[in-house]
Structures are given as structure tokens and as C-alpha cells.
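In this note's numbering, the protein residues as written are 23 to 135.
Set out below in C-alpha cells:
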């Protein structure tokens, strides 16, 4: 096997070079601008549920219909919001993160697609 390597060979591109590149910085900025606020919103929603369950027994035990109370609906809402956030993230990443990451990979590996 030949020891000759092309300029775009991943082995010649160091992690540090990629980390310092403007494209990578932009990719990280996009990721943070979505993930941090979404995580904050979800944690606020989750802790609100926990606090209500601990301190607002009367409110949480309020029957909505039949044996279904507010606590059960809010608990179900936790599951729904988890799945909704996951679906939103996947769609967002498909449009905002994956194309940019693919362009970076192509540049790093020196592929012509």
C-alpha cells in the first residue's frame, strides 16, 4: 500500500484545524442557538410540573373529567412535549445542521460530490 496521501486526507487534517475553522464555529453557534433555549424551556416546564405536584395538591387533584385530573394531564403533557421537541429538533437539524456538517466533511475529506 502506498504511503502517499492526498491533501484532503482526514489523517492530515487535525482536530484543532477543524475546531478553529469558521465553518465549525458557525455550526456550533447554530446548534447552541437552538439547543440551549429549547433545553431551558423544557426544564422550566418540567420543574413547574414537579413544583405543582409537590406544592399545589389541590390544583393537581382537580378532576377534569371522570377520574382524569390535572396532574395526569400535565404528566401526559410531559411525554408529549418530549416527543414534540425530538421531532422539532430532527426537522431543524435536517435543515440547519446536517447540510453544513456534510459540507464540512466533504471539505475535510477532499471529496468532490
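Even for Gly, the Cβ is constructed at its ideal location relative to N, Cα and C.
- Message: Which residue marks the beginning of the alpha helix (DSSP H) containing residue 119, and which one marks its end?
- Response: Unbroken run through residue 119: none, as it is neither H nor E.
- Message: For residue 96, which residues in the same chain have their Cβ closer than 6 Å to its Cβ, ignoring the five residues on either side in sequence?
- Response: Non-local beta-carbon contacts of residue 96 in its own chain, meaning distances under 6 Å to residues more than five positions away in sequence, involve 71 in chain order.
- Considering residue 78, what are the terminal residues of the alpha helix (DSSP H) in which it resides? Counting along the chain, no alpha helix (DSSP H) covers residue 78, and no H or E run does either.
- Message: residue 45 and residue 109 - do their beta-carbons sit closer together than 7 Å?
- Response: No, they are not a contact pair.
- Query: Does the stretch 111 to 130 come close enough to the stretch 62 to 80 that 3 or more CB-CB pairs lie under 8 Å?
  - Reply: Contact between the stretch 62 to 80 and the stretch 111 to 130 is absent: fewer than three C-beta pairs spanning the two stretches fall below 8 Å.
- Query: Is the beta carbon of residue 118 less than 7 Å from the beta carbon of residue 52?
  - Reply: Yes, these two residues count as a Cβ contact at 7 Å.
- Query: In three-state DSSP terms, what is residue 135?
  - Reply: Confidence at residue 135 is low in this model, with a pLDDT of 47, below 50, so its placement is unreliable and the value that follows should be read with caution. In the structure shown, residue 135 sits in coil (DSSP, three-state: anything other than H, G, I, E or B).
- Task: Return yes when the Cβ of residue 91 is within less than 7 Å of the Cβ of residue 83, no when it is not.
- Result: Pairing residue 83 with residue 91 gives a Cβ-Cβ distance under 7 Å.
- residue 85 bridges to which residues according to DSSP? Paired residues: 91.
- Using DSSP with H/G/I as helix, E/B as strand and the rest coil, what is residue 43? It is coil, neither helix nor strand.
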